[in-house]
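Asker: One structure follows; several queries about it will come next.
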Amino acid sequence: MARSFDVAAVEAKWQARWLDDGTYEVDNDDPRERYYSMSMYPYPSGAAHMGHVRNYTFGDLIVRYQTMRGKAVLSPFGFDSFGLPAENAAIKAGSHPRIFTEERIKELKSSVIRLGAVFDWRREVRSHDPQFIKYSQTFFLALLEAGLAYRAEAPVNWCPGCMTVLANEQVNPDGTCDRSGDLVIRKNLEQWFFKITDYADELLYDLDTLDWPERVKIMQRNWIGRSEGVEFDLPFASDPSKALRVFTTRPDTGFGVTYAVIAPEHPLVGDFTTNAERASVNELVERATSLSDLERMTTSDAGVGLEKRGVFTGSFVINPFNDEQVPVYVADYVLGTYGTGAIMAVPGEDDRDFAFATVYGLPIVRTTQPPDGFAGGAYSGDGRHINSGFLDGLNVKEAKVKAAEFLADRAHGVNKVNYRLRDWLVSRQRFWGCPIPVVYCDTHGIVAVPLDQLPVLAPDDVTMNTSGQSPLATHEGFRNTTCPIDGGPARREADTMDTFTDSSWYFLRYCDPFTEGQAFDPVEVAKWMPVDQYIGGIEHAILHLLYARFFLKALIDLGIAPGVAREPFTRLFTQGIIRLDGTRMSKSKGNLVSPEAYYETVGADGLRLFHLFVGPPADNVDWVDQTEELIEGAGRFIERVYRLMNYDDVNFHEDFGDADLAVRQAIHRTIVRVTHGMERWSYNTAVAAIMELVNTVSKWARSEHGAHRPTMDEALDTLLMLLAPMTPHVTAELWERRHPGVPSVHHQSWPEADAALVKQEMTTMVVEINGKVRARLQVSPEISEDDARTAAMASPTIQQALSERSPQRVVVRPPRLVNIIV
RNA sequence: GCCCGGAUGGCGGAAUCGGCAGACGCGGAGGCCUCAAAAGUCUUUACUCGAAAGGGUGUGUGGGUUCAACUCCCACUCCGGGCACCA
Numbered sequence: 082m083a084r085s086f087d088v089a090a091v092e093a094k095w096q097a098r099w100l101d102d103g104t105y106e107v108d109n110d111d112p113r114e115r116y117y118s119m120s121m122y123p124y125p126s127g128a129a130h131m132g133h134v135r136n137y138t139f140g141d142l143i144v145r146y147q148t149m150r151g152k153a154v155l156s157p158f159g160f161d162s163f164g165l166p167a168e169n170a171a172i173k174a175g176s177h178p179r180i181f182t183e184e185r186i187k188e189l190k191s192s193v194i195r196l197g198a199v200f201d202w203r204r205e206v207r208s209h210d211p212q213f214i215k216y217s218q219t220f221f222l223a224l225l226e227a228g229l230a231y232r233a234e235a236p237v238n239w240c241p242g243c244m245t246v247l248a249n250e251q252v253n254p255d256g257t258c259d260r261s262g263d264l265v266i267r268k269n270l271e272q273w274f275f276k277i278t279d280y281a282d283e284l285l286y287d288l289d290t291l292d293w294p295e296r297v298k299i300m301q302r303n304w305i306g307r308s309e310g311v312e313f314d315l316p317f318a319s320d321p322s323k324a325l326r327v328f329t330t331r332p333d334t335g336f337g338v339t340y341a342v343i344a345p346e347h348p349l350v351g352d353f354t355t356n357a358e359r360a361s362v363n364e365l366v367e368r369a370t371s372l373s374d375l376e377r378m379t380t381s382d383a384g385v386g387l388e389k390r391g392v393f394t395g396s397f398v399i400n401p402f403n404d405e406q407v408p409v410y411v412a413d414y415v416l417g418t419y420g421t422g423a424i425m426a427v428p429g430e431d432d433r434d435f436a437f438a439t440v441y442g443l444p445i446v447r448t449t450q451p452p453d454g455f456a457g458g459a460y461s462g463d464g465r466h467i468n469s470g471f472l473d474g475l476n477v478k479e480a481k482v483k484a485a486e487f488l489a490d491r492a493h494g495v496n497k498v499n500y501r502l503r504d505w506l507v508s509r510q511r512f513w514g515c516p517i518p519v520v521y522c523d524t525h526g527i528v529a530v531p532l533d534q535l536p537v538l539a540p541d542d543v544t545m546n547t548s549g550q551s552p553l554a555t556h557e558g559f560r561n562t563t564c565p566i567d568g569g570p571a572r573r574e575a576d577t578m579d580t581f582t583d584s585s586w587y588f589l590r591y592c593d594p595f596t597e598g599q600a601f602d603p604v605e606v607a608k609w610m611p612v613d614q615y616i617g618g619i620e621h622a623i624l625h626l627l628y629a630r631f632f633l634k635a636l637i638d639l640g641i642a643p644g645v646a647r648e649p650f651t652r653l654f655t656q657g658i659i660r661l662d663g664t665r666m667s668k669s670k671g672n673l674v675s676p677e678a679y680y681e682t683v684g685a686d687g688l689r690l691f692h693l694f695v696g697p698p699a700d701n702v703d704w705v706d707q708t709e710e711l712i713e714g715a716g717r718f719i720e721r722v723y724r725l726m727n728y729d730d731v732n733f734h735e736d737f738g739d740a741d742l743a744v745r746q747a748i749h750r751t752i753v754r755v756t757h758g759m760e761r762w763s764y765n766t767a768v769a770a771i772m773e774l775v776n777t778v779s780k781w782a783r784s785e786h787g788a789h790r791p792t793m794d795e796a797l798d799t800l801l802m803l804l805a806p807m808t809p810h811v812t813a814e815l816w817e818r819r820h821p822g823v824p825s826v827h828h829q830s831w832p833e834a835d836a837a838l839v840k841q842e843m844t845t846m847v848v849e850i851n852g853k854v855r856a857r858l859q860v861s862p863e864i865s866e867d868d869a870r871t872a873a874m875a876s877p878t879i880q881q882a883l884s885e886r887s888p889q890r891v892v893v894r895p896p897r898l899v900n901i902i903v
């Protein structure tokens, strides 16, 4: 496209100026009302791709808009610079991940600047910065001291591809690694955990206070998986002094218990197994515990026709509800890590139990009356209880209460809440992460590295192997140290922390990276927190957002972070993804579209405008052939604005006429529409409103009648201000030309609409006959019901359409509509 | 299987409350400008019957509520996403 101005030069000029002038730097003692807007800090993967562009376009629009609204806007940027890709790339290239990472940061940073996105770069954060490491380690030790970080042996998810353990959150539902796609296997290892489960309830209930997309909240609720139930004893039939403890959410179905199941990992498996059954039980236990989760699940998938696997232990327990003996099975569909690791099985009301009972020929008893026509197997809905002794006739809710009381009396029953959420496993057997700052001493065990010795930094001369051991473990100089307590020989922890630890507090560092010797001054943090608007990808709906919420709550409770808000992100916005050929655009898929080429044609402004206009920000964008034309269209629109500003051929006149008044009204109605769009993430309609105004003004200015000059000035200035957050370069340039020596358009106050001009003096009223539009009348918006009726009936077209017919009923809704029923 | 979200012209999408369906843009068609093209500009563009005036139909499908439904209710189809032995 031939441009009437040098887009690249104009954009370069303004980008340099915003940086040089520190236009978007904001001080902590700024007296204006505060607004904290941030996008999720990116993993530095090199030059920005279209997904970044889209993300930062929205973020930048908010920063510039809120600034024009008179607020002190905190707009920070940083890099999530620890992580596996850099380490793997460094191994491949025989280089160091730091070198690799810092190159990528440079690329990404410059392409973010090239987009025209503005930040207070003095606050830039990098996870691998020694200062940042120091404070991550400080927080680890604070959690350790408070008992919120602990070391335990646990069956963990081990990814053979990544050569590290993973958090539960990083394992896909099919049992593969979220990152590498390898099949994750189970290993028993000693690992570090953060006790996020202490905060399960708060993490659940505080979701209600957040202005977040509902689906993100739902995902977190499901992930936390709170469930209320009863834990109670099933006594051994052969030795009533011993019992199998089980957890259930449906104590009301107790009369339907026809067997019990114990997980293969359960410590009492041996006690239950009779000699006759020992061989088959051992075989099942061995198989179940050595299988990957994927294999374990695919061979026994619940209720979808695949056979559940289990064996009879030879023992029986007594159902306290009816004193009947029921057999105990070992089966791999019961998890050792949830509840008590054992269940009462109710095939009549539970799908999984039903499937198992069907295969093993176990009795099925219904205890809830299903509705008429119910054709399924297990029925888990509400209904009247049957076959249930003292519970008969009650509904589920009533029966639960009574059954729980009964169990409390008879079977050591207690009400119990269980969560799906597990503690957060933070150890990683990798190099490129924050070292865990503890040493192991033969005498004193786990000893924290003293604060004055932080940060513990990894040495550079480490062989980045992929042996499955932490690379740091083989570096003797690092590994061998002395015990801080007795000075005796000790070994350093060789694992590093999950990088989600870094992203759990970086937003606090942004608030105050200036105070020496502290991660941040809580007084300064309190000025900014919580984040007013957080923007990022839906892929972080659970992991990052849950961890960060936990971390802030913990830091507040430890007295480290200020307690101004126990939730870090008041409003969350998750923008849509960009898809190419139906799949998500990503570096790993190699289907990236680079923004570079567009900077040469339509500029960053054109690209930004396209992203704002193409559809609702939350929606996904399919990158198709037509997309190029849409981007061209955005560029064309900017051209039109540019030309409109250079109004050589306009016929100006002095008198203010009706046509000029109409333009003033259009200007002020546009202000309302655009402001509205800005406030509710409806940028596509805000852009449309501005386009309409440009069309109106163009037509008017070139009309024979000509334009009233002050009105033209008002139109052009307003247009520039409304567009400024969207296309910041060209608007800054045009504003400067129109108003030399006056502060930039970005320093102007957001325009306010004049209510008198927004008000319509005439509006269109529709007249319908039998719900079909037959006439449109111009009426006053304040028209009375009677006048509306009279006007409608008097309309010639209506008269004609009615002819002989007489209205049976007339619905009048002034000033919008009159509907005549005949 | 369960839970969310969605379905509107050739395309992206618009329509605070139940009250003018299709704003705005892309694409298409035609005109102007031009030696010609590009750029620009003007007109037109849901479908359909009609020469026109004018009429009919139309927001995934089928029902319902209402004077009036893209919007509310019920059932279903398809698409996207999440969860999936958590007892």
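Letter by letter, the first sequence follows residues 82 to 903 in the working numbering. Just so it is clear, CB atoms sit at the ideal spot from N, CA and C, and this is done for glycine as well. Being a predicted model, the structure only gives us computed values, none of them experimental.
For Met843, which residues of its own chain have a beta-carbon under 6 Å away from its beta-carbon, when the five flanking residues on both sides are left out?
Answerer: Counting only Cβ-Cβ distances below 6 Å, and skipping sequence neighbours, we find Gln859.
Asker: Give the DSSP bridge partners of Met312, in chain order.
Answerer: It is Glu, not Met, that sits at residue 312 in the sequence shown. DSSP, once it has assigned bridges, lists Phe328, Val495 as partnering Glu312.
Asker: Of all the beta strand (DSSP E) runs that stay within the bounds of the region 643-682, which reach a length of 3 or more residues?
Answerer: Within the region 643-682, the complete beta strand (DSSP E) runs of at least 3 residues are 650-656, 659-661.
Asker: Can you grab the Cα-Cα spacing for the pair Lys911 / Val342, in whole Å?
Answerer: Nothing can be reported for residue 911: it is not among the residues displayed for the chain, which extend from 82 to 903.
Asker: I need the straight-line Cα distance from Asp541 to Glu814, nearest angstrom please.
Answerer: Taking the straight line joining both Cα atoms gives about 48 Å.
Asker: Taking 8 Å as the limit between beta carbons, can you name the residues of its chain near Ser675, skipping five residues before and five after?
Answerer: So the qualifying residues of the chain are Ala128, His130, Met131.
Asker: Anyone know if the C-beta pair for Val407 and Phe353 falls short of 7 Å?
Answerer: Cβ distance not < 7 Å, so Val407 and Phe353 don't count as in contact.
Asker: Quick check on the burial criterion: 16 or more other C-beta atoms within 10 angstroms. Buried or exposed for Thr756?
Answerer: Label assigned to Thr756: buried.
Asker: Taking the alpha-carbon positions, what's the Ala743 to Val731 distance?
Answerer: Each residue's Cα considered, the two are about 17 Å apart.
Asker: Are the beta-carbon atoms of Thr845 and Arg857 separated by less than 7 Å?
Answerer: The answer is yes: Cβ separation under 7 Å.
Asker: Going by other Cβ atoms of all chains shown within 10 Å of its Cβ, with 16 needed for buried, is Lys152 buried or exposed?
Answerer: Buried, since its Cβ has 16 or more Cβ neighbours within 10 Å.
Asker: In the DSSP assignment, what are the bridge partners of Phe353?
Answerer: Its beta-bridge partners do not exist; DSSP assigns none.
Asker: So the alpha helix (DSSP H) Arg818 belongs to, where does it begin and stop?
Answerer: Run containing Arg818: 809-819, per the alpha helix (DSSP H) assignment.
Asker: Buried or exposed: which applies to His786, given that a residue is buried once 16 or more other Cβ atoms fall within 10 Å of its Cβ?
Answerer: By the neighbour-count rule (16 or more Cβ atoms within 10 Å), His786 is not buried but exposed.
Asker: Between Pro345 and Val366, which are expected to be in contact by the criterion C-beta below 8 Å, what is the C-beta distance as a whole number of angstroms?
Answerer: Yes, Pro345 and Val366 are in contact; Cβ-Cβ is about 4 Å, under 8 Å.
Asker: Please state the DSSP three-state secondary structure of Pro791.
Answerer: Note: Pro791 maps to helix in three-state DSSP.
Asker: Counting beta carbon pairs with one atom in the region 437-454 and one in the region 394-402, are three or more of them shorter than 8 Å?
Answerer: The region 394-402, when compared against the region 437-454, does not touch it at the 8 Å Cβ threshold.
Asker: Can you tell me which of Arg98, Tyr628, Leu633, Leu472 puts its alpha carbon nearest to the alpha carbon of Ile194?
Answerer: Checking every option, the nearest Cα to that of Ile194 belongs to Arg98.
Asker: Of all the options Phe160, Asp87, Tyr146, Thr582, which has the alpha carbon lying nearest to the alpha carbon of Pro123?
Answerer: Among Phe160, Asp87, Tyr146, Thr582, the Cα nearest to that of Pro123 is on Phe160.
Asker: Output yes or no for whether 7 Å exceeds the beta carbon distance between Leu142 and Val107.
Answerer: Taking 7 Å as the Cβ cut-off, Leu142 and Val107 do not qualify as a contacting pair.
Asker: Spatial neighbours of Leu225 within its chain, please: C-beta separation below 7 Å, excluding the five flanking residues on both sides.
Answerer: Closer than 7 Å at the Cβ level, and outside the excluded window around Leu225, lie Ala529.
Asker: Tell me whether the region 475-493 and the region 522-539 touch, counting them as touching only if at least three CB pairs, one residue from each stretch, are closer than 8 Å.
Answerer: No, they do not touch.
Asker: Applying the 10 Å Cβ sphere with the 16-neighbour rule, what's the burial state of Leu189?
Answerer: Burial call: buried.
Asker: Let me confirm a value: Gly417 is counted as buried when at least 16 other C-beta atoms fall within 10 Å, else exposed. Which label applies?
Answerer: Burial call: buried.
Asker: How would you label Lys634, buried or exposed, when you count the other beta carbons within 10 angstroms and need 16 or more for buried?
Answerer: The residue is buried, with at least 16 neighbouring Cβ atoms inside 10 Å.
Asker: Measuring CB atoms only, is the region 585-593 touching the region 602-622, in the sense that at least three cross pairs come out at less than 8 Å?
Answerer: Yes: at least three Cβ pairs fall under 8 Å.
Asker: Would you mind reading off the limits of the beta strand (DSSP E) that contains Ala635?
Answerer: First-last for Ala635: 624-638, but that is the alpha helix (DSSP H), not the beta strand (DSSP E).
Asker: Figure out for me which residue from His789, Phe654, Asn499 has the closest Cα to the Cα of Trp762.
Answerer: Nearest of His789, Phe654, Asn499 to Trp762, Cα basis: Phe654.
Asker: Just tell me which of Ala174, Val311, Pro518 has its CA closest to the CA of Arg326.
Answerer: Nearest of Ala174, Val311, Pro518 to Arg326, Cα basis: Val311.
Asker: Using a Cβ-based criterion (distance less than 6 Å to any ligand heavy atom), does Arg447 qualify as near the ligand HEM?
Answerer: Absence of the ligand HEM from the depicted structure is noted, as is the absence of any ligand whatsoever, leaving it without description.
Asker: Check the DSSP bridge columns for Asn776 and list the partner residues they point to.
Answerer: DSSP, once it has assigned bridges, lists no residue as partnering Asn776.
Asker: Ignore the nearest five residues each way along the sequence and tell me which others in His177's own chain have a CB closer than 7 Å to its CB.
Answerer: Result list for His177: Ala171, Asp541, in chain order.
Asker: Go through its chain and collect everything with a Cβ distance to Gly687's Cβ below 7 Å, but skip five positions before and after it.
Answerer: Cβ within range, chain order: Tyr679, Ile712, Ala715, Gly716, Ile719.
Asker: According to DSSP, Gly175 sits in a beta bridge with which residue or residues?
Answerer: DSSP lists no partner for Gly175.
Asker: Using the Cα positions of Gly335 and Val206, report the straight-line distance between them to the nearest angstrom.
Answerer: In a straight line, the C-alpha of Gly335 is about 56 Å away from that of Val206.
Asker: Between the C-alpha atoms of Val199 and Met149, what's the straight-line distance to the nearest angstrom?
Answerer: So the two alpha carbons sit approximately 14 Å from each other.
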